[in-house]
Each structure stands twice: as structure tokens, then as C-alpha cells.
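*Asks:* My questions all concern the structure below.
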Amino acid sequence: MKLQARKPFDQSTIPNDLCPIATEYSVLKTGDWRAERPIVDRDKCVKCANCWLYCPTQCIKEKPAWFEANLIICKGCGICAQECPHHAITMIEELED
Amino acid sequence: MDKSYHTIAFYPQKCNGCNDCIEACARINTGEVSPAHSRIAIVKDSEDGSFGLALCRQCGEPRCVMDCPAGALSKNEDTGVIQWEETKCVNCQLCTLACSYAGITYNPVTRKVMKCDMCGGDPACAKVCGRGALEYLTSSDLYDKWGDMEDLFVPGISACLGCNSELLIRHTLRRIGPETVVATPPGCVAGVGSVGVNGFTATKTPVFHPLLTNTASMLAGARRYYNRIGRDITMLAFGGDGGTADVGFQSLSGAAERGEQMIYICIDNEGYMNTGVQRSSTTPYGAWTSTTPVGSVLRGKTQDAKPMPVLMMMHNCAYVATASTAFMEDYYAKLDKAVAAAKHGMAYIHVFSPCPTGWRFPPAMLIEIARKGVETNTVPLWEYINDGNEFHFTHSVDNPLPVQEFLSLIGKYRHLDADQIDHIQKMNKRRIEMLKMFSEQEERRAS
Numbered sequence: 001m002k003l004q005a006r007k008p009f010d011q012s013t014i015p016n017d018l019c020p021i022a023t024e025y026s027v028l029k030t031g032d033w034r035a036e037r038p039i040v041d042r043d044k045c046v047k048c049a050n051c052w053l054y055c056p057t058q059c060i061k062e063k064p065a066w067f068e069a070n071l072i073i074c075k076g077c078g079i080c081a082q083e084c085p086h087h088a089i090t091m092i093e094e095l096e097d
Numbered sequence: 001m002d003k004s005y006h007t008i009a010f011y012p013q014k015c016n017g018c019n020d021c022i023e024a025c026a027r028i029n030t031g032e033v034s035p036a037h038s039r040i041a042i043v044k045d046s047e048d049g050s051f052g053l054a055l056c057r058q059c060g061e062p063r064c065v066m067d068c069p070a071g072a073l074s075k076n077e078d079t080g081v082i083q084w085e086e087t088k089c090v091n092c093q094l095c096t097l098a099c100s101y102a103g104i105t106y107n108p109v110t111r112k113v114m115k116c117d118m119c120g121g122d123p124a125c126a127k128v129c130g131r132g133a134l135e136y137l138t139s140s141d142l143y144d145k146w147g148d149m150e151d152l153f154v155p156g157i158s159a160c161l162g163c164n165s166e167l168l169i170r171h172t173l174r175r176i177g178p179e180t181v182v183a184t185p186p187g188c189v190a191g192v193g194s195v196g197v198n199g200f201t202a203t204k205t206p207v208f209h210p211l212l213t214n215t216a217s218m219l220a221g222a223r224r225y226y227n228r229i230g231r232d233i234t235m236l237a238f239g240g241d242g243g244t245a246d247v248g249f250q251s252l253s254g255a256a257e258r259g260e261q262m263i264y265i266c267i268d269n270e271g272y273m274n275t276g277v278q279r280s281s282t283t284p285y286g287a288w289t290s291t292t293p294v295g296s297v298l299r300g301k302t303q304d305a306k307p308m309p310v311l312m313m314m315h316n317c318a319y320v321a322t323a324s325t326a327f328m329e330d331y332y333a334k335l336d337k338a339v340a341a342a343k344h345g346m347a348y349i350h351v352f353s354p355c356p357t358g359w360r361f362p363p364a365m366l367i368e369i370a371r372k373g374v375e376t377n378t379v380p381l382w383e384y385i386n387d388g389n390e391f392h393f394t395h396s397v398d399n400p401l402p403v404q405e406f407l408s409l410i411g412k413y414r415h416l417d418a419d420q421i422d423h424i425q426k427m428n429k430r431r432i433e434m435l436k437m438f439s440e441q442e443e444r445r446a447s
């Protein structure tokens, strides 16, 4: 992955008379919210990237011959399953294990 | 990696079995119209009368290639197309058995197998389909170009399921890049954690949280400072419709009149969603909100929405456009122009932004609703370029779908009666006619 952003702040470079309110990235594992999980049928996936394009959390990851969601982040909104032109994604209920 | 491929999508509910695609396919490949030469087939279900598609899907892990004993089939890593080489083929037809989609078939006339080659990137079947049942999807181009750029928002932010704003800010920042100062006035975008809370931030670029009233004027000041020290930094605002069309309007109007250099993006979810779905001046006629309730007397909002993007065009902004996240390639193209325009003046993009929580619809339907909004002419897509006086539609406004197809998907319109729907339909028509006048005027001036 090409890195675009610089590190948020090197705290030591901040002048004493400036007080930024945030110097670290927040970490929120939104996968905890999920009620339904997207399952990708690898035989049906053609790598058209439609799921990536419309995923609000941008958690779709590329694999050699298919795309799939990063379940640590995926909130389970179901947009990928709705928009997949080849119906390769189905939403299944999350069950407690 | 970072490689994805174009594909042909099929929407069975739009197909009427006219077979135009089959003839077009046969013609472009052999010059004849006989269906025997067509690589595509439309099959009617004898029980429910629906249509099914038999066409090569250019699979990621193709069974036909794995099963071919002669090595005559191979997947092109650049285009994704599965190629068939006639000289290597031994005519065993194992591939036709391997394919679950009837994508490679035996042609009894030529006595050879045949399969779709996507017409080299311009499929004749999708072009000829007048009903939009076959569509050539090129969204993979955006992934190939921008997919390996870093997402400048942290992975997890506390936006609702299916949040259009989250989708929008991630794509926008991916395109515009890190040399940006972002302003997020009070509203959902700030509320989901984009600005710092307790020392933590979700934005990987500098970000600040102006008041609801002064987003544009604060950005104008920041840009003037960067101009003075000689740095080219993009000023980018993500305002809600309240912070843009209501409370923030005076500072935005002033900045637009002065031609301040910035990109102002209005995420129009048609209400104050962050504070509990109150009405705003861009809430459409008839919509339910918590302050325009539905009861025995009041039936949702009684006024029409303020035409905010037209107002900004009247300010002579350098660039004004409307956008919808269902038409992402269009949005990226508009961002390109906005970035260029923001070097010398204000670029304003008004994004139609359905909200699952405030509008009462299932999150999965977000993109479908964003698409139907455009296709019913509720949200016409257009752009205005001051330099050269150009105004044009970027999605056809002719032959729109009936507005019910859009309204029926959304809970906030569930109570509408026939008169109200009629009013919305008429209002849509009137606004299109007004925009067409601009379009014709600009055309006349250009010629």
C-alpha cells in the first residue's frame, strides 16, 4: 500500500504554546456491531470491485482471485451483498459461539 | 495485486426477452444475426417467466481453464478476459461441461466452442440493450487507480450502518490526498469522531471543528495564511445541509462571493440527523421528520426544499456540481474538476446523501436509493464551470422513472397520499425545466 499520510504528529515538534486536541488515531473495532456477516462465494466473484466501491467502511480487501470483507471492521450493513452484480455475497446471521 | 476487472451485469427484472443482445453479439462476431453464433443467451424460466443470463462471467478462478487438457483457455491478467485459442483447441468440449453458467458453448455451425471476449472492452450486447438490463460496469477502474491509496480515515468510526457520509468522506479524501486541511462543522461527520475527542482523532490529515456558522470563513482564513507562506494546501469542508443551507449559509455565501479558494462539499441528508432528525431547509416536501410529524392534520413537511446548488451557481462559484454516491465514477470526475477549480476560486459539490437512520430504510438499500433518486429526476446530476460558462447534465434527465419508485423505498415518505406524490412529481419536473433553461442558455452562448 502506498502511504499518503504523514504520521499524525510528532509530539516533540509541537510548540509549547500550541495545544492540539488530538495526537493519536482512535481505534474502534466496529466489527463488534455486526448482526449479519457477508460471506463471499469465491466461485462467483469476478473481482469487479463493486463491493469495495460502495462499502462505507472501506473494509473490503483484495485476495488473489476474489474480494472479501475485513470482519474486524465490517459493520454488516449489507450494501456489498445488495450491490454485487453477480450475487456472490450473502449475508448470514452472526451466531454467538 | 491491485487489479480488478470490468464486468457485464444483468438485471433480470428489466429484461423483456427482446433478444437484441443476442443478435448484436452474433453480428459483431460473425456478421450474421443467427443466434447460433451468439456468445450470449437469454433463457426464460418456464415456471415464473423470469429471464436468466447465459454468458461467460470471466471468473476469478475459472473452471474451464482448469479443465482444458490442451491449454487452449487462459485468463488474461490485464483485462480479466478468458481467452480461447483456436489453434490449441482439440474440440473435446470438456470446458462446456466445467462451466456452471453456460458461458462457453458449442457452436454446431462452426463445430467449435465459442465464448465471450467482452468485445475488447466495448461489449456490443450492453450497448444495444435499451432497457438497461445489461450494463457494462467499469467501477474496477477506480479501484485500480485509487485502491492502493491510503484511506485517510481510520478503519473504524462510529457512523451508523450504511452511512453515506462515511462512504463519501473516505472516497473524497482518498482522491484529494493528505495535503489537505479538513473542516467538519457540527453534524454527523464531526459526531462520528472525525475531530479529536480526548486526544484521539479519526482523520489522518489536519482537521478542525468550526462552529455551525463559520465553516467557510474559517477555511478562507486558513487558505489565505497558506497562500502567504507559499504552500498549496487544499481546503476541504464537509458540511451537512444544516451547516450549509441554514445556519452556515451567510459565511458560505460571503466566501463564495469573494471567491475564496476551497472545496466545499455539502452532504445533504435532508435534515438535522445528528440531533434527532429535525427538518432543515433542504428537507423535501412531504417528508416526515421529528419536527414535521405525520398525524391527522399535518402530513410531513409542507414547504419545498431550498435549491441549494442552484443558489451557489448564482454566486458565480468557480465550479458547482451535484453528485450521488451511486454514480461514483461521475463523483470522482467532479472531484478532479473541483480540485483544479479550488486553486483559483470556490468549488461547491452538493452530494445527495440518503440516511438509513433518519429516512427509515434498511442500510443495505443505501446505494439503490441514491441511484433511484437520480433516475427519477429527484436529484438531477449536473455541473457548472464558471470558466467557459459551461452548464451540462452528467446523467440524462430524459425519460425519468416515476417518482414512486424512489419514494416507495423510503420510510419517511410512507404516509404520502396521491396529491402529495403528484406535487413532488410536478416539482421535480419544474426544477428540471428550470435547469434545462440554464443548459440551453449556455449552449447558445457557446455557439
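Chains A and B are the protein sequences, given in the same order.
Heads up: the first sequence begins at 1 in my numbering, then just goes up one per residue.
Heads up: the second sequence begins at 1 in my numbering, then just goes up one per residue.
Quick reminder that beta carbons are idealized off the backbone N, C-alpha and C, glycines included.
What are the residues that DSSP puts in a beta bridge with His-392 of chain B?
*Replies:* Within the second sequence, residue 392 of chain B is the residue found at index 392, counting from 1. Answer by DSSP bridge pairing, in chain order: B:Glu-383.
*Asks:* If you scan the region 18–73 of chain A from start to end, which runs of the beta strand (DSSP E) of 3 or more residues do you find wholly inside it?
*Replies:* If we require 3 residues or more, the beta strand (DSSP E) runs fully inside the region 18–73 of chain A come out as 22–25, 36–40, 60–62 and 67–69.
*Asks:* Just how far apart, CA to CA, sit Met-1 of chain A and Ala-237 of chain B?
*Replies:* Numbered from its first residue, the first sequence carries residue 1 of chain A at position 1. Numbered from its first residue, the second sequence carries residue 237 of chain B at position 237. At Met-1 of chain A, the pLDDT of 48 sits below 50, so the modelled position is not reliable and the matter cannot be decided from this model.
*Asks:* Taking Cβ positions, are Arg-431 of chain B and Pro-380 of chain B nearer each other than 9 Å?
*Replies:* Your numbering for residue 431 of chain B matches position 431 in the second sequence. Your numbering for residue 380 of chain B matches position 380 in the second sequence. For Arg-431 of chain B and Pro-380 of chain B, yes; Cβs fall inside 9 Å.
*Asks:* Just list the residues that DSSP pairs Met-262 of chain B with in beta bridges.
*Replies:* For the purposes of this step, residue 262 of chain B is taken as residue 262 along the second sequence, with counting starting at 1. According to DSSP, Met-262 of chain B bridges with B:Met-346.
*Asks:* To the nearest whole angstrom, what separates the beta carbons of Ala-49 of chain A and Ser-140 of chain B, a pair I think is in contact under 8 Å?
*Replies:* In the first sequence, the residue the question calls residue 49 of chain A occupies position 49. In the second sequence, the residue the question calls residue 140 of chain B occupies position 140. Yes, they are in contact, since the Cβ atoms of Ala-49 of chain A and Ser-140 of chain B sit about 4 Å apart, within 8 Å.
*Asks:* Output, in chain order, the set of chain A residues within a Cβ distance shorter than 7 Å of Asp-48 of chain B.
*Replies:* Numbered from its first residue, the second sequence carries residue 48 of chain B at position 48. Those do not exist, as Asp-48 of chain B stays about 17 Å from chain A at its closest Cβ, beyond 7 Å.
*Asks:* How would you list, in chain order, the residues of chain B whose beta-carbon sits under 8 Å from the beta-carbon of His-86 of chain A?
*Replies:* As a first step, residue 86 of chain A must be located in the first sequence, where it is residue number 86. In chain order: Thr-7, Ala-9 and Arg-57.
*Asks:* How is the beta strand (DSSP E) around Val-43 of chain B delimited, first residue to last?
*Replies:* Locating residue 43 of chain B in the second sequence gives position 43, counting from the first residue. That run of the beta strand (DSSP E) goes 41–44.
*Asks:* Would you kindly check if the distance between the Cβ of Cys-74 of chain A and the Cβ of Cys-98 of chain A is under 9 Å?
*Replies:* There is simply no residue 98 of chain A to check, as chain A begins at 1 and stops at 97 in what is shown.
*Asks:* Determine whether the beta carbon atoms of Thr-205 of chain B and Gly-239 of chain B lie at a separation below 9 Å.
*Replies:* Taking the first residue of the second sequence as position 1, residue 205 of chain B is located at position 205. Taking the first residue of the second sequence as position 1, residue 239 of chain B is located at position 239. No, the pair does not count as a contact, with Cβ atoms beyond the cut-off.
*Asks:* Can you tell me whether DSSP reads Trp-146 of chain B as helix, strand or coil?
*Replies:* Along the second sequence, read from residue 1 onward, the residue named residue 146 of chain B stands at position 146. Residue state, collapsed to three classes: helix.
*Asks:* How many angstroms separate the CA atom of Met-437 of chain B from the CA atom of Trp-52 of chain A?
*Replies:* Within the second sequence, numbered from 1, the residue matching residue 437 of chain B stands at position 437. Within the first sequence, numbered from 1, the residue matching residue 52 of chain A stands at position 52. Met-437 of chain B and Trp-52 of chain A: Cα-Cα distance of roughly 38 Å.
*Asks:* Distance cutoff 9 Å, beta carbons only. Does Val-339 of chain B sit that close to anything in chain A?
*Replies:* For the purposes of this step, residue 339 of chain B is taken as the residue at position 339 of the second sequence. Judged by the 9 Å Cβ criterion, Val-339 of chain B is not in contact with chain A.
*Asks:* Using a cut-off of 7 Å between C-beta atoms, extract the partners of Ser-26 of chain A located in chain B.
*Replies:* Sequence index remark: in the first sequence, residue 26 of chain A carries index 26 (1-based). Those are Val-154, Gly-193, Phe-200, Thr-201 and Ala-202, listed as they occur along chain B.
*Asks:* Confirm, please, whether the CB-CB distance from Val-181 of chain B to Thr-244 of chain B is below 9 Å.
*Replies:* The count along the second sequence starts at 1 and reaches residue 244 of chain B at position 244. The count along the second sequence starts at 1 and reaches residue 181 of chain B at position 181. No, they are not a contact pair.
*Asks:* As an exercise, report each continuous alpha helix (DSSP H) stretch of at least 4 residues that is fully enclosed by the region 98–159 of chain B, in chain order.
*Replies:* 124–128 and 140–146, all fully within the region 98–159 of chain B.
*Asks:* Can you tell me where the beta strand (DSSP E) with Met-91 of chain A in it begins and where it stops?
*Replies:* Residue numbering aside, residue 91 of chain A sits at position 91 when the first sequence is read from its first letter. Here the beta strand (DSSP E) through Met-91 of chain A covers 89–93.
*Asks:* Name, going along the chain, the residues of the region 35–61 of chain A whose beta-carbon falls closer than 8 Å to a beta-carbon of chain B.
*Replies:* Those would be Arg-42, Asp-43, Lys-44, Cys-45, Val-46, Lys-47, Cys-48, Ala-49, Asn-50, Trp-52, Leu-53, Tyr-54, Cys-55, Pro-56, Thr-57, Gln-58 and Cys-59, in chain order.
*Asks:* Rounded C-beta distance between Ala-9 of chain B and Ile-79 of chain A? I'm assuming under 8 Å.
*Replies:* Looking up residue 9 of chain B in the second sequence gives position 9. Looking up residue 79 of chain A in the first sequence gives position 79. Their Cβ separation, rounded to whole angstroms, is 16 Å, which puts Ala-9 of chain B and Ile-79 of chain A out of contact at 8 Å.
*Asks:* With hydrogens ignored, establish whether the beta-carbon of Gln-58 of chain A is closer than 8 Å to any heavy atom of the ligand PLP.
*Replies:* Among the ligands in the structure shown, none appear at all, so the ligand PLP cannot be discussed.
*Asks:* Tell me whether the beta-carbon of Thr-184 of chain B lies closer than 9 Å to the beta-carbon of Phe-200 of chain B.
*Replies:* Here residue 184 of chain B refers to the residue found at position 184 when the second sequence is read from its first residue. Here residue 200 of chain B refers to the residue found at position 200 when the second sequence is read from its first residue. Contact: no.
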